[in-house]
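Each protein sequence line maps, in turn, to chains A and B. Each residue of the first sequence is one higher than the one before, starting from 1 at the first, in our numbering. Each residue of the second sequence is one higher than the one before, starting from 1001 at the first, in our numbering.
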Amino acid sequence: MLLSSLVDASRLQFALTAMYHWLFVPLTLGLGILIAIFETKYYRSGDESWKKLTQFWSRIFAVNFACGVATGIILEFEFGTNWSNYSWFVGDIFGAPLAIEGIFAFFLESTFFAVMYFGWNKVSKGFHLLSTWLTAIGANISAYWILTANGWMQNPVGVAFNPATARNEMTDFWGIVFSSTTLSKFSHSVMSGFLVAAIVVIAISCWYLKKKRNKEFSMRSIKYAGFFGLFAIVMLMVTGHSSAVTVAKTQPMKLAAMEGLYRGENGTPLVGVGLLNPKKEWNNDEDPYLFHISIPKGLSFLANMDFDSYVPGINDIIEGGYKYVDKNGEEKTAISFQEKVERGNMARRALALYGQHKDNPDTLVKNQVLSQAQQYLDENFEYFGYGFLKDPKESIPNVPVTFYSFRIMVMLGGYFILFLLVCLWMWKKKIIENKKWFIFIAIVSVPLVYICAEAGWIVAEVGRQPWTIQDLLPVQASVSGVSSGNVWTTFIIFAVLFTTLLIAELKIAFNQIKKGPEGIKWN
Amino acid sequence: MEVGKTLWIIILIKLVVIFLILRIFFFKPELSSYDSDEQKASHVIENLTKLP
C-alpha cells in the first residue's frame, strides 16, 4: 500500500483545486440567468436603462468567467496523474459525461458568451438575447454533466465491471444521467449558485446606495436579485431535503457523520445546534456531544419522510443487523463491516485469479477459472472497496469536519432566508439607502454566501470518505505511484496560480464596480 | 475596451501555464507509459490485487 502521505497530498491538492474552482463557478451559474432576465426586460421594453443594467452585470460576469474558465481542467489532469488507478477503473463512465460537457455544454457557453460580450450593436437584439440565454443555459448544462460524473462516484449505478479490462462499463446511460444522486446534487448546487449571484448583486447595489449613486439602477437590481435569491433559497431547502433522502439510501455513513450519530433509533432526533465531544470514538462509550439542542424525530423525517423511521448510526453501520430499504427498493438486513471486508477480499482475490488466468494457454482450465472468478466477482463486487480496509475506523469519514460544515451551511442558509426577506421588505419601503447597518450586512454577506457554498461541498466530499467511488474504491487504492514530492510541488504551483487569479478577479471586479454602469463604453 | 484586453491576457497566461507548463512538465498521465490497453489493465489489476 502506498504511503498515506501520498494519499493525503493527493487529496489535499484535489481539495484545493476543487474549492478554488468552486469560488468561480457559482457566480457564473446564477449571474448568467439574472443577466438573461435583465436583457429580456430590455428586449421587451426597449428601455435603455435595462440595457445599461444588463451590460454592467455582463461585465462582472465576464471578469468572473475569464478568471474561472479552465480552472476545472486541472482537476482532469489530476485524475490522470495522481489518480490513475481510479481513472482506469471508472472507464468511460466518468469520461463520457466530462467529454459531453466539454464538447457540447462548454462550447455552447463559450461560443455564445463571445456573442454576448462582443456582439452589442453587431448582431440583432433578438440574436443577442438568444446568445445571452444560451450562455446562461450552457453554463448550467455544463454543471449538469460534471455533477453526473460526481453523482456516479457517490452512487455508482448503471454499470457492470469487466475483470478482463479492470474497468467499469456503462450498461444504463440514462440510469447514470438521471440517478437520484445526480438530480439532487445538480439542483442543490445550481440553486446555491443562484443564491451566490443574488447576494453578490444585492451587495454591490447596496454599495452604490451607500455612495449615493446609481440609485435607480441599484433598486432595480436589488428587487430582481432579491426575488431570485428568495426563489433559490426556497429551492435549496426543497433540494436539500431530497439530497438528505438520497444520502440516507445510498451513503448512510455520510448521514451519520453529518449528525455525529453513533447509535440510531426509531424517531431519531436532528441536532440543530451542538458541540461534539472530541474524546468520542466509535468504539468507546463517551457521549457523542458535549452539548446539543435537537429537534425530536427530525432526522428520521429528513432521511425517510417518516417521523418514526429508523436511521442507523456509525456503530450500527459497522455492526450491521438492522433492516433497511436499499436503493432498488428492496428490504434487506445490513451486513457488518467485517462481512463487507471479507466479501471485498473475495472480490479482490477473484480479480487477481482472473488476471492470472486470462492468458492461460490451457483453454479448459482458463474457462473454468475465469467462470468461477466471474461468479465470485458478480456476487461480491458491490463490496469490492472494503477489501482494501482493515479497521472499522477506516470506513468512518472525519466526523467533526462533516458535522460542523453541515451546520455552517444550514445556519447560513437560515440567515440568508432572513436577510432576503428583510432586504425585500426594505426595498418595498424604499429605506435601504438610509440603513447603513443593512448595507454593511449586505456587503459582509458576500464572503458568507461563498462560505455557505463551500461548506456544502465539504459535507458532500469529506462526508463520503474514504471512498472515491462509494463502496467500490477507497482513496488509498485510487492513487497513482507518483512521488509525493511531485504532488506537493504542483500543490504549491496551484496555490500560487489560483490565489493570483482570485486577486486579479477581485481587483478587476472592484475596478469595474467603482466605474459603475456609467463607465460602460459599449455604445 | 480596456477590461476586455486585460481579460484576454489573463486567459492566455492561464492557458499557457496550464497546458504548456503544468500539463507537459508535471501532469503526465501515469498509464501513458504503457503502449496498449492490455498492459494498462494488467498494471491496474496488479495494483488493485496486490496484498498490502
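We put the CB at the ideal spot given by N, CA and C, even for glycine.
Please name the residue, chosen from A:Ala453, A:Gly516, A:Gly519, A:Tyr354, that lies closest to A:Trp22 on a Cα-to-Cα basis.
A:Ala453
With 8 Å set as the bound, which would you pick, yes or no: does the beta-carbon of A:Ala139 sit closer than that to a beta-carbon of chain B?
no
Would you say A:Ile74 lies against chain B (beta-carbon separation less than 8 Å)?
yes
On the premise that A:Trp83 lies in contact with A:Ser10, defined as a C-beta separation below 8 Å, what is that separation, rounded to the nearest angstrom?
7 Å
If we ignore side chains and look at the alpha-carbon of each, how far apart do A:Glu101 and A:Tyr117 end up?
22 Å
Which residue comes first and which comes last in the beta strand (DSSP E) that contains A:Glu169?
167-170
Inter-residue CB distance, A:Met305 and A:Val245 (contact presumed, cutoff 8 Å)
7 Å
Contact under 8 Å by Cβ, A:Gln524 with A:Met153:
For residue 524 of chain A there is no data in the structure shown, the boundaries of chain A being 1 and 523.
If you reduce the DSSP assignment to three classes, tell me which class A:Ala225 lands in.
helix
Helix, strand or coil for A:Ile33? Go by DSSP, reduced to three states.
helix
Which residues mark the beginning and the end of the alpha helix (DSSP H) in which A:Gly95 is found?
92-100
Starting from the beta carbon of A:Asn486, find every residue of chain B whose beta carbon is closer than 8 Å, and list them in chain order.
Phe1026
First and last residue of the uninterrupted beta strand (DSSP E) at A:Ser294:
289-295
So is B:Asp1035 in contact with chain A if we call contact Cβ pairs under 8 Å?
no
For A:Gly313, I'd like the list of residues in its chain whose CB is within less than 6 Å of its CB, leaving aside the five on either flank, ordered along the chain.
Ala256, Leu261, Tyr262, Arg263, Gly264
Taking just the CA atoms, how far does A:Gly298 sit from A:Val247?
15 Å
Within 8 Å of any Cβ in chain B, is that where the Cβ of A:Thr490 sits?
yes
Does the distance from the CB of B:Ala1030 to the CB of A:Ser480 come in under 8 Å?
In the sequence on display, residue 1030 of chain B carries Glu and not Ala. Their beta carbons are under 8 Å apart, which means B:Glu1030 touches A:Ser480 by this criterion.
Taking the beta carbon of A:Asn523 as the centre, do at least 16 other beta carbons fall within 10 Å, making it buried, or is it exposed?
With a pLDDT of 44 at A:Asn523, under the threshold of 50, the modelled position of this residue cannot be trusted, and the question is left open.
Local Cβ density within 10 Å of A:Ala160, reported as buried at 16 or more and exposed below that
exposed
When you compare only the Cα positions, how much space is there between A:Ser483 and B:Arg1023?
16 Å
Using three-state DSSP, classify A:Gly272 as helix, strand or coil.
strand
When burial is assigned at 16 or more other CB atoms within 10 Å of the CB, is A:Pro296 buried or exposed?
exposed
Cβ closer than 8 Å: which chain B residues qualify as neighbours of A:Asn85?
Val1044, Asn1047, Leu1048
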